[in-house]
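Have a look at the structure below before the remarks.
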Amino acid sequence: MLINVWSDRFNDAGEPRPPIVFHPGLNVVEGGAEAENSIGKSTLLSIVDYAFGGADFAKSDVITDPDAVGHHTIYFTFRFGEQDRYFSRDTSRPGFVQEYFDPEWKERKEEWQIDDYRVFLAEQYGLDIPDSTLRELIGRFVRIDTEQLAMLKKPLKAAPAQPDEQGVFALEKLFGVYGKLKQLEEDLKAANLSYSSLEGMAKTGLSQYVKIRNKKERDQAERELTQARIAFQQLRVTADLDLFQAAEQAKSEEQHMKTQLRSLQSKRSVLKGKLSIVEATLSGESRLTTDDLEEFYNFFPNVNKEKLETIEYYHRALVGVYEDQLNEQAEKYRRVIAVLDNEINQRLREIHQLKQSVELDDKTYEENGELAATIKRLEAQIDAYDKMREFDKLRKETNKALKEQRPRILGDIEHNINRLTKEFVQALYPNKKRKPPLFSFKESRGKAGYTFSSQGDNGAGSQSKNLISFDLAILELTKLPILIHDSVLIKQLAYFPVGNLLTLYERVAELTSEDGHPKQIFFSFDATSKYRAEAEKIVNRTRVIKLGENEHALYGFTWNEEKDETDEENK
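The numbering of the sequence shown is the UniProt record's numbering, which starts it at 1 and goes up by one.
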């Protein structure tokens, strides 16, 4: 809650004013006995709003009027739980908030961007609601400037040109129902978009995968899909059988070729052996040398040496006689071996090719691809149609839920607001049966709206008490943490109900938020002595400051009077 505000420009009869201390509940800014104007009551309320992130004070005549105060710094303290936080805002730099370590605002801490500061306050007050800002929620319940006070029949407007829908959304957020209703609306929008997209594609036929428009076409597609799957399965069985038979035939051919290969390899081995003997004979490698004979004699000493050497002699002579024939025979062997090598290599290649030849033919591949594409297309068409029906069902169910839940939820809000405003009006006029205001939601051209009827009692005083009772009801029923009401709100009310109003203010302001923060009402009030004694007692115990004319005004002077030239000369 807001603990205090202070400025070194606040003054009373030439003396600096101490910080203005606030408390939970009702905080009365009291004016003079004769309800004097321009003494700072409304200004102080604007300063309170400034502490809550408002912007109007920095643009007010206090700052802009050349005879007024001009730019200065407002210091203030908030208490959240057990912790106090110290801040200031310079009117020459309203987009920034300075934080301090100490309650005297001497030791600077960090500087905040105003938007970050507002987010911080929203979090502390439990108002960090999606799609909303702090000022959107509390700003419309700050009743100070005459522009807002003129909108007595539209209590949720933050500005004259603002659509009613924004006020309705703000109220839904304060009551904690906006998120649920928003989610239903977004679900309905998404379902409508998905359904219309698929339906549009089916109607135009631009996609071969989204073409089915009704159940009859879906049934036809289902039959075609069944036929395509059967044909595909049959083709697959036939192809599998063909592949098996081809594999068996290839295996048989491979065995036959391997038998031929072994025969060729055997023939080649025999011929290579014969060729080796002939080549050895021609090269003399098969002849016995003297060393060979000597080694032989060592093993067989009794052998007939003369006879053995005679045989070797004739052997050498024969090689010389048949050398041409031996060369011719060797060449013949080589030619046959080369032919066998070629045949062996050919058999090896054929065996390798047999292992890779078991494949589907082009026609089977083509038929298989066409059937697979047909199945994919029909499945996609049926799936798209089924999804379109699901989206249609979802949008109907969501639309039904929205139509059922929105009136029920908003009806509960209407009931509670009207119940409390009636109670408050009865408290203001306990001896009379005055008509309370009647709040109701309405929808026009798809836009949310509301009415705030005075039920035929359109007098200025009646509209003022209606607005006040409405604000008090919202403060009691929702997360709204503060109300700021200027005394101009009660100017059209008689003295008696105003006395009762102070009792209501005090009662409602004793409430706390869901987060445990005390709620506060900041109310400017004057001419206290003209009201009942009970009103005076309430003012005395809830007053935070008493202001008067001239040197007793908030800043120690007023600037609404024309200056006397002689006074200027005396200065």
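For each residue, glycine too, the CB sits at the ideal point set by N, CA and C.
Keep in mind the model is a prediction, meaning the values are calculated, not measured.
query: Nonlocal neighbours in the same chain, by C-beta distance under 7 Å from LYS45, ignoring five residues either side; result: A small fix is needed here, since residue 45 is Leu in this sequence, not Lys. Answer for LEU45: VAL29, ILE144, ILE484, ASP486, PHE522 and SER524, listed in chain order.
query: For ALA448: DSSP bridge partner residues; result: GLU443
query: Residue burial classification, ARG262 (beta-carbon count within 10 angstroms, cutoff 16); result: exposed
query: Nearest to GLU104 (by Cα), restricted to the options ARG229, GLY273, PHE496 and SER7; result: SER7
query: Cβ neighbour criterion (16 or more within 10 Å) applied to HIS352; result: exposed
query: Simplified DSSP state of PHE523, which is helix, strand or coil; result: strand
query: Same chain, Cβ closer than 8 Å to ARG118, neighbours up to 5 away in sequence not counted; result: GLY53, THR133, LEU134 and ARG135
query: Classification of SER92 by the beta-carbon crowding that lies within 10 angstroms, buried from 16 upward; result: exposed
query: Where the beta strand (DSSP E) through ASN4 begins and ends; result: 2-6
query: Exposed unless 16 or more other CB atoms sit within 10 angstroms - verdict on ARG541; result: exposed
query: Local Cβ density within 10 Å of residue 590, reported as buried at 16 or more and exposed below that; result: The chain is shown only over 1 to 571; residue 590 falls outside these bounds and no answer can be derived.
query: Reduced DSSP category for THR374 - H, G, I as helix; E, B as strand; rest coil; result: helix
query: Rounded separation between ILE138 and ILE114 - CA only; result: 16 Å
query: Coarse secondary structure for ILE77, derived from DSSP in three states; result: The displayed chain sequence assigns Thr, not Ile, to residue 77. Reduced to three states, the DSSP call for THR77 is strand.
query: Backbone secondary structure at LYS25 - three-state DSSP; result: Position check: residue 25 holds Gly in this sequence, whereas Lys was assumed. Looking at GLY25 - three-state DSSP - the assignment turns out to be strand.
query: Supposed contact pair ALA535 and VAL508 - C-beta distance, whole angstroms, cut 8 Å; result: Not confirmed; about 16 Å, so no contact.
query: In chain order, each alpha helix (DSSP H) run of at least 4 residues that lies wholly inside the stretch 529-553; result: 533-542
query: Cβ-based neighbour list, LEU467, same chain, cut-off 6 Å, excluding 5 preceding and 5 following; result: LEU152 and PRO155
query: Option nearest ARG218 by Cα separation, candidates GLU379, LEU477 and GLN492; result: GLU379
query: Identity of the residue in GLY446, VAL270 and THR478 nearest LEU420 by Cα; result: THR478
query: The stretch 118-127 touching the stretch 58-77, judged by at least three CB pairs closer than 8 Å; result: no
query: Sheet register partners of PHE96 (DSSP bridge); result: GLN113
query: Proximity below 8 Å, CB of PHE391 to CB of ALA191; result: yes
query: Segments of 3+ residues assigned as beta strand (DSSP E) that fall wholly inside the stretch 458-490; result: 482-485
query: PHE87 - containing alpha helix (DSSP H), residue span; result: Not the alpha helix (DSSP H): PHE87 falls in the beta strand (DSSP E), residues 83-90.
query: Three-way DSSP call (helix, strand, coil) for residue 578 in this model; result: Lying before the first or after the last residue shown, residue 578 is absent from the chain, which here runs from 1 to 571.
query: Residues bridged to ARG335 [DSSP beta-bridge criterion]; result: ARG335 pairs with nothing; no bridge assigned.
query: N-terminal and C-terminal residue of the alpha helix (DSSP H) that GLY499 is part of; result: 495-508
query: Residues that ARG108 bridges to, as DSSP identifies them; result: TYR100
query: Extent of the continuous alpha helix (DSSP H) run through GLU136; result: 134-138
query: LEU475 and LEU428 closer than 8 Å at C-beta; result: no
query: Exposure label - GLY548; buried when at least 16 CB within 10 Å; result: buried
query: The stretch 77-84 / the stretch 156-175 touching (three or more Cβ pairs under 8 Å); result: no
query: Contacts around ASP341, its chain only, beta-carbon distance under 8 Å, and the 5 residues preceding and following it disregarded; result: ARG268
query: Beta-carbon gap between ARG85 and ILE74 smaller than 8 Å; result: no
query: Residue from SER440, GLY461 and GLN381 with nearest C-alpha to THR451; result: SER440
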